[in-house]
Amino acid sequence: MKQPLLDMRGIIKSFSGVRALNGVSIQLDPGEALSICGENGSGKSTLMKVLSGVWPFGSYEGEIYFEGNLVKASSIRDTEALGIVIIHQELALVKELTVLENIFLGNELGSFARLNDEEMHRRTSELLARVKLDVLPDTPIRDLGVGQQQLVEIAKALNKNVKLLILDEPTSSLTTTEIEILLNIVSELKQQGIACIYISHKLEEVLALSNWVTVIRDGDHIDTRSAENLTQNDIISMMVGRELDELFPREEHDIGDVILKVNHATAKQAGASRAQVEDVSFELRQGEILGIAGLIGSGRTELMQCLYGSYDGNYEAEIELHGESLAIRSQRTALEAGIAMVPEDRKRHGIVPIMSVGRNITLSVLSQYSSWFGAINEDQESQDIDNYIAQLKVKTASSELSIKNLSGGNQQKAIIAKCLLTHPKILILDEPTRGIDVGAKYEIYKLMFTLVKQGMSIIMVSSELSEVIGISDRVLVMHEGRLKGQFDHQGLTQEMIMNCAIKEDTANV
Ligand SMILES: Nc1ncnc2c1ncn2[C@@H]1O[C@H](COP(=O)(O)OP(=O)(O)OP(=O)(O)O)[C@@H](O)[C@H]1O
Ligand SMILES: [Mg+2]
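So this is what it looks like as structure tokens:
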């Protein structure tokens, strides 16, 4: 019998007594792609960390065979030497270094030791062309968008002798075009005999790309099926244990008067030639869900940062809240005025990694629990924490656990809880469901409708067009810093938004 490239048998992994993986087995042949699906916290990333040596041999039970040999890796270096390369869910490039430096980082001592500058430049340019990324090798990583950084990670992986490429949620922050590029790269790699393990909550991609789909639920191996003839609904019901009859649970709600007016918002980085936000004006009504669409880099996030006082360049805007003009100069002013935001880049702005899940949730409202002599009313605090953990179904062994140990999607839910606790009048959600599983997305949408029914207004920036259309009452489309279009959700299609987001001359404002 032919031996598979990869054979993981009965993997069990526990964290302080809690089982994250409960005997998961997968096999893979060269040139094949296997997707792993499962809810947030089901154990997908943990399984990949076991495979790639992040969790070393001896720290888990079960066996891993690669090309027929038992793998006893003590670090990620050992598995890379075998040809197993992982690109983690949270990007790991060094921001201060250039594209070239990052691509060769950790590789200098290998077969590239004798490459001179010129050769490294040539090789980097080749790799960048292969991932269709149009930037110079000397560009600092800090200047690239998240999507572009993702492509650099792949270029970096291709620079190694890769036989099995693991992509842990590679597309959660990519634009439609970038996703297409990535999917093409993966199918090219498959043709070259490279195997791929793919983790994504976007089931369309999963089906488009894989030969096999493995579903895990709460660390249990539910099934591995051929992707042929498999539907999204099949995967969902294996993941969640039930069928979801609709993906967007839209609920009727009343929309009231205009509560927020933003006029002539402009934002620019010091020394930049072009403004990131240019003369944008819009209104928001009470109880409204306002969607903001546009390509990455179109200024959506920066516009929101102006409203939340977190933009790091120069910005101006005439803002009127409940008919009174308001100057937002800091996050504190925004929070005091009742504006809260769940940021896009949760690693940088959202969480304090070493603090507990609970404290991360209550961080911006700690003073609410303090008495005049400075003591914290811990009972009230932990009651609130438990409430929100339950309401948002944050999967954590305890609220005392440091938040960095939570799965990606569950960290995101904790940040949403943190914002809700400030009881905002206006809630800004920047890519709220990025990296969130289908079941939890459903819960978040439900929650959004509950909140607007209570009179809250929500602004949601999202790159997922189906979500923008499925959830918003009204949609604004941005293009190169300007507002290009404004649509009611009725009759709105993805094509209408895309046309507006891409073309120079569509104007509907
Ligand atoms: N270092 C750690 N210490 C303690 N618990 C951990 C650690 N890493 C992961 N866990 C727990 O193991 C479980 C599985 O987490 P994992 O990150 O594998 O989930 P996932 O399927 O990748 O989820 P997501 O879709 O949200 O990325 C979670 O309950 C998580 O909290
Ligand atoms: Mg994960």
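So the sequence shown is numbered by our numbering: it starts at 36 and just counts up by one. The beta carbon of each residue, even a glycine, is placed where N, CA and C say it ideally should be.
Residue environment, THR159, which counts as buried when at least 16 other CB atoms sit within 10 Å:
Looking up residue 159 in the sequence shown gives position 124. Flag for THR159 reads buried.
ILE471 - DSSP class collapsed to helix/strand/coil:
What you label residue 471 is simply residue 436 of the sequence shown in a count that begins at 1. Correct three-state label for ILE471: coil.
Consider the C-beta atom of ALA55 and the heavy atoms of ligand 1; say whether any pair is separated by less than 7 Å.
Here the question's residue 55 lines up with position 20 in the sequence shown. Within the cutoff, so yes.
Contacting residues, own chain, Cβ-Cβ under 6 Å from LYS476 (five flanking each side not counted):
Locating residue 476 in the sequence shown gives position 441, counting from the first residue. Excluding residues within five positions, the ones whose Cβ falls inside 6 Å are THR468.
Count Cβ pairs between the stretch 294-306 and the stretch 526-534 that sit closer than 8 Å; are there 3 or more?
no
Ordered along the chain, which non-local residues of its own chain (more than five positions away) have a Cβ less than 7 Å from that of TYR480?
Position 445 of the sequence shown, counted from the start, is the residue given in the question as residue 480. PHE283, PRO284, ILE506, listed in sequence order.
Helix, strand or coil for VAL106 per DSSP?
Start at 1 with the first residue of the sequence shown, and residue 106 comes out as number 71. It is coil, neither helix nor strand.
Distance CB(LEU202)-CB(TYR233) smaller than 8 Å:
Looking up residue 202 in the sequence shown gives position 167. Looking up residue 233 in the sequence shown gives position 198. In this structure, TYR233 lies closer than 8 Å to LEU202 by Cβ.
For GLY276, which of LEU342, ASP289, HIS256, ILE290 has the nearest alpha-carbon?
Stepping through the sequence shown from its first residue, residue 276 is reached at position 241. Of LEU342, ASP289, HIS256, ILE290, the residue nearest in Cα terms is HIS256.
Taking the alpha-carbon of TRP90 as reference, which of LEU56, GLU74, GLY103 has the nearest alpha-carbon?
The count along the sequence shown starts at 1 and reaches residue 90 at position 55. TRP90 has its Cα closest to that of LEU56, out of LEU56, GLU74, GLY103.
Please say whether HIS236 and ASP472 have beta carbons closer to each other than 8 Å?
Stepping through the sequence shown from its first residue, residue 472 is reached at position 437. Stepping through the sequence shown from its first residue, residue 236 is reached at position 201. The beta carbons of ASP472 and HIS236 sit closer together than 8 Å.
Which residues bound the alpha helix (DSSP H) around ALA164?
The count along the sequence shown starts at 1 and reaches residue 164 at position 129. Unbroken alpha helix (DSSP H) run through ALA164: 152-165.
Would you report the Cα separation of PHE50 and THR301, rounded to the nearest angstrom?
For the purposes of this step, residue 50 is taken as the residue at position 15 of the sequence shown. For the purposes of this step, residue 301 is taken as the residue at position 266 of the sequence shown. Each residue's alpha carbon lies about 48 Å from the other.
Cβ shell of TYR404 (< 6 Å), same chain only, five flanking positions each side left out
Here residue 404 corresponds to residue number 369 of the sequence shown, with the count starting at 1. Excluding sequence neighbours, TYR404 sits near ILE411, ASN412, GLN415, GLU416.
According to the Cβ coordinates, are GLU96 and ILE47 closer than 8 Å?
Residue 96 sits at position 61 when you count from the first residue of the sequence shown. Residue 47 sits at position 12 when you count from the first residue of the sequence shown. It is a contact, given that the beta carbons lie within the stated cut-off.
CA nearest to the CA of SER497, picked from GLY348, ILE331, GLU351:
Against the sequence shown, residue 497 aligns to sequence position 462. When each option's Cα is compared against that of SER497, the closest is ILE331.
Every unbroken beta strand (DSSP E) within the stretch 205-247, with a cutoff of 3 residues, ordered by chain:
230-234
Hey, is LYS198 close to ligand 2, as in C-beta under 7 Å from one of its heavy atoms?
Numbered from 1 along the sequence shown, position 163 holds the residue referred to as residue 198. Because no heavy atom of ligand 2 lies under 7 Å away, the Cβ of LYS198 does not count as near it: no.
Identified DSSP bridge partners for VAL59
Position 24 of the sequence shown holds residue 59. Paired residues: ILE46.
Evaluate ASP169 with the Cβ neighbour count: other Cβ atoms within 10 Å of its Cβ, from every protein chain shown; 16 or more gives buried, anything less gives exposed.
Mapped onto the sequence shown, residue 169 falls at position 134. Exposed: under 16 other Cβ atoms inside 10 Å.
Is the CB-CB distance between LYS225 and GLY118 below 8 Å?
As a position in the sequence shown, residue 225 is number 190, starting the count at 1. As a position in the sequence shown, residue 118 is number 83, starting the count at 1. Against a cut-off of 8 Å, the Cβ pair of GLY118 and LYS225 comes out as no contact.
Taking the CB atoms as reference points, tell me whether LEU427 and GLU478 lie closer together than 8 Å.
Within the sequence shown, residue 427 is the residue found at index 392, counting from 1. Within the sequence shown, residue 478 is the residue found at index 443, counting from 1. Yes, Cβ-Cβ distance for LEU427 and GLU478 is below 8 Å.
C-alpha gap between LEU179 and MET155, whole angstroms
Taking the first residue of the sequence shown as 1, we reach residue 179 at position 144. Taking the first residue of the sequence shown as 1, we reach residue 155 at position 120. Cα-Cα distance, rounded: 20 Å.
Give me the residue from ASP508, LEU218, SER60 with the minimum Cα distance to VAL250.
Along the sequence shown, read from residue 1 onward, the residue named residue 250 stands at position 215. VAL250 has its Cα closest to that of SER60, out of ASP508, LEU218, SER60.
I need the straight-line Cα distance from THR133 to ILE229, nearest angstrom please.
Your numbering for residue 133 matches position 98 in the sequence shown. Your numbering for residue 229 matches position 194 in the sequence shown. Roughly 27 Å separates the two Cα atoms.
Straight-line gap, ILE451 to VAL377 (C-alpha atoms, nearest Å)
In the sequence shown, residue 451 corresponds to position 416, counting from 1. In the sequence shown, residue 377 corresponds to position 342, counting from 1. Rounded to the nearest angstrom, the gap between the Cα atoms of ILE451 and VAL377 is 6 Å.
Please name the residue or residues paired with GLY520 in a DSSP beta bridge.
By 1-based counting over the sequence shown, the position of residue 520 is 485. Its beta-bridge partners are VAL512.
Alpha helix (DSSP H) runs wholly inside the stretch 165-199, at least 4 long, in chain order:
181-193
Could you check what DSSP says for GLY97 in three-state terms: helix, strand or coil?
Taking the first residue of the sequence shown as position 1, residue 97 is located at position 62. Strand, per DSSP.
Since VAL187 and GLY326 should fall inside the 8 Å C-beta cutoff, what is the C-beta to C-beta distance between them, to a whole number of angstroms?
Walking along the sequence shown from the start, residue 187 turns up at place 152. Walking along the sequence shown from the start, residue 326 turns up at place 291. Their Cβ separation, rounded to whole angstroms, is 30 Å, which puts VAL187 and GLY326 out of contact at 8 Å.
Check each candidate in LEU518, THR431, THR336 and name the one with the smallest Cα separation from ASN298.
The residue labelled residue 298 in the question sits at position 263 within the sequence shown. With distances taken between Cα atoms, ASN298 lies closest to LEU518.
Other residues of its chain near LEU441: CB distance less than 6 Å, five sequence neighbours each side excluded:
For the purposes of this step, residue 441 is taken as residue 406 along the sequence shown, with counting starting at 1. If we look at LEU441 and ignore the five residues flanking it on each side, its Cβ neighbours are THR431.
Nearest candidate by alpha-carbon position, reference ALA375, set GLN38, HIS524, LEU342
For the purposes of this step, residue 375 is taken as the residue at position 340 of the sequence shown. Of the candidates GLN38, HIS524, LEU342, LEU342 places its Cα closest to the Cα of ALA375.
Less than 8 Å between C-beta atoms, sequence neighbours within five positions excluded: which residues of the same chain meet that for GLU204?
As a working mapping, residue 204 is identified with position 169 in the sequence shown. Around GLU204: GLN124, ILE234, SER235, HIS236, GLY443, GLY470.
Taking all protein chains shown into account, do 16 or more other C-beta atoms lie within 10 angstroms of the C-beta of LEU581, making it buried, or fewer, making it exposed?
Outside the shown range of the chain, which is 36 to 544, sits residue 581, and nothing can be said about it.
Tell me ILE354's beta-bridge partners as DSSP assigns them.
Against the sequence shown, residue 354 aligns to sequence position 319. DSSP lists VAL297, LEU361 as partners of ILE354.
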